[in-house]
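Residue numbers (the working numbering): 2 to 93.
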């Protein structure tokens with residue numbers, strides 16, 4: 002099942018810079034692992050914001066939640082999920 006996911010990151014203003022850098026490095030590694038596995042199909046930065054839009058390909062809602070909750074920056078994210086279905090006019 003495909004999902005369009007928007008993630009906006011809102012870290013606390015008083016977070017330790019070194020700790021936040023470590024979280025960002027862990028986030029990058031986790032995102033790349035998920036992309037290699039095929040679960041995280043597309044990842045796009047939203048220009049001018051600390052946010053992204055992504056497409057995930059996972060079996061169901063619970064699987065998506067399980068993946069999102071493993072992201073190191075998850076505690077600082079506002080996440081909007083939209084399940085996707087094939088459009089009848091789509092060529093592929």
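By construction, the Cβ of each residue, glycine as well, lies at the ideal position given by its N, Cα and C atoms.
Bear in mind the structure is a predicted one, so any value in this text is a computation, not a measurement.
Limits of the alpha helix (DSSP H) - the one that residue i falls within
| i | result |
| --- | --- |
| residue 31 | 18 to 38 |
C-alpha distance - residue i paired with residue j, whole-angstrom precision
| i | j | result |
| --- | --- | --- |
| residue 62 | residue 80 | 14 Å |
| residue 93 | residue 87 | 9 Å |
| residue 2 | residue 52 | 23 Å |
| residue 20 | residue 32 | 18 Å |
| residue 17 | residue 38 | 32 Å |
| residue 91 | residue 35 | 27 Å |
| residue 73 | residue 27 | 6 Å |
Under the three-state DSSP convention, the category residue i falls into
| i | result |
| --- | --- |
| residue 84 | strand |
| residue 93 | coil |
Beta-carbon contacts of residue i that lie in its chain and below 8 Å, excluding the five residues immediately before and after
| i | result |
| --- | --- |
| residue 6 | 54, 55, 56, 57, 65, 69, 80, 81, 82 and 83 |
| residue 71 | 31 |
Any non-hydrogen atom of the ligand ATP within 7 Å of residue i CB
| i | result |
| --- | --- |
| residue 74 | Looking at this structure, you won't find the ligand ATP or any other ligand, since it has none at all. |
For residue i, the first and last residue of its enclosing beta strand (DSSP E)
| i | result |
| --- | --- |
| residue 67 | Here residue 67 belongs to no beta strand (DSSP E); instead the alpha helix (DSSP H) covers 62 to 69. |
| residue 59 | Where residue 59 is concerned, there is no enclosing beta strand (DSSP E), given that its DSSP letter is neither H nor E. |
| residue 2 | From DSSP, residue 2 is part of no beta strand (DSSP E); its letter is neither H nor E. |
| residue 43 | 41 to 46 |
Residues of its chain near residue i, where Cβ-Cβ distance is below 7 Å and the 5 sequence neighbours each way are ignored
| i | result |
| --- | --- |
| residue 85 | 3, 4 and 5 |
| residue 44 | 32, 36, 53 and 55 |
Contact set for residue i: own chain, Cβ-Cβ below 6 Å, skip 5 residues either direction
| i | result |
| --- | --- |
| residue 78 | 8 and 10 |
| residue 42 | 56 and 58 |
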